[in-house]
Amino acid sequence: MNPDTSSTRPSNAAAQAVDFPAHIQQFLAFDFGTKRTGAASGNRIFGGASPLPTIKAEGADARFAAIEKLIKEWQPQALVIGVPYHPDGAPHENTARALKFGRQLRGRFNLPVYEVDERYSTTEALAGGAKDADAASACIILEQFLRSIA
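Numbering of the sequence shown is given in numbering that gives the first Met the number 0, commencing with residue 0 and proceeding in unit increments.
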């Protein structure tokens, strides 16, 4: 899978297996928002994700400074972003924002960026009793991605 041209966006709730480079093991995932961006770390060995503190930064400079700190601390080999869609799969204004965020991550940090359809991730996080829905959503996004490459 080429992160520049492909995504792991499944057409349904079940993640679809994809061909993925075996050497990439450590990931950071983000649930992008203009005011808050959820973050999670995870790896292929355990197949799970752990929430990280939500980035509460308005504006690209503050957001990317916080992300840079996470990248230095966690040393991911790739990044995963959630991309929102309407229930019918149609894009909306936040879809474009998330895709732009992914391009900016790729350009700033020179890491592969993979996209995951994040429909209902926040709803799932809240239904699960999450205290920090943004971080929990990032975990859901990353876990969905990890299942798709297993």
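Using N, Cα and C, we set each Cβ at its ideal position, and we do this for glycine too.
Here the structure is a predicted model, which is why all the values come from computation and not from measurement.
Using a Cβ-Cβ cut-off of 8 angstroms (strictly less than) and excluding sequence neighbours within five positions of residue i, which residues of its own chain qualify?
i: Ala-64; result: Ala-56
Taking DSSP's pairing of strands, which residues face residue i in a bridge?
i: Leu-27; result: Ser-40 and Leu-78
i: Pro-50; result: Ala-39
Hey, how far is the Cα of residue i from the Cα of residue j?
i: Pro-9; j: Ile-44; result: Since pLDDT at Pro-9 reaches only 33, below the 50 mark, its modelled position is unreliable, and the value read off the structure follows with that caveat. C-alpha separation (whole angstroms): 22 angstroms.
i: Thr-33; j: Leu-145; result: 25 angstroms
i: Asp-133; j: His-22; result: 28 angstroms
i: Arg-153; j: Asp-30; result: Lying outside 0 to 149, the shown extent of the chain, residue 153 is not represented and no answer is given.
i: Thr-53; j: Lys-130; result: 11 angstroms
Going along the chain, which residues of its own chain have a beta-carbon closer than 6 angstroms to the beta-carbon of residue i, five neighbours each way excluded?
i: Asn-93; result: Pro-83
i: Gln-25; result: Asn-42, Pro-75 and Gln-76
i: Leu-78; result: Leu-27, Leu-104, Leu-110 and Val-112
i: Arg-35; result: Thr-53, Lys-55 and Asp-133
Between which two residues does the alpha helix (DSSP H) holding residue i run?
i: Thr-94; result: 92-108
i: Ala-137; result: 132-148
i: Thr-122; result: 120-126
i: Ala-150; result: In the structure displayed, the chain extends from 0 to 149; residue 150 sits before or after that span and is not available.
Under the rule that 16 or more other beta-carbon atoms within 10 Å means buried, what is residue i, buried or exposed?
i: Ser-6; result: Low local confidence applies: a pLDDT of 46 at Ser-6 is under 50, so the model's placement there is unreliable, and no value is given.
i: Leu-141; result: buried
i: Ala-126; result: exposed
i: Gly-128; result: exposed
Could you spell out the range, first to last residue, of the beta strand (DSSP E) harbouring residue i?
i: Asp-116; result: 112-116
Within a Cβ cutoff of 7 angstroms, which residues of the same chain sit near residue i, ignoring the five residues on either side of it in sequence?
i: Ile-139; result: Ser-120, Glu-123 and Ala-124
i: Leu-69; result: Leu-27, Ala-38 and Leu-51
i: Gly-46; result: Leu-145 and Ala-149
For chain B, is any of its Cβ atoms less than 7 angstroms away from the one on residue i?
i: Ala-124; result: Protein chain content of the structure displayed is limited to a single chain, and chain B is not contained in it.
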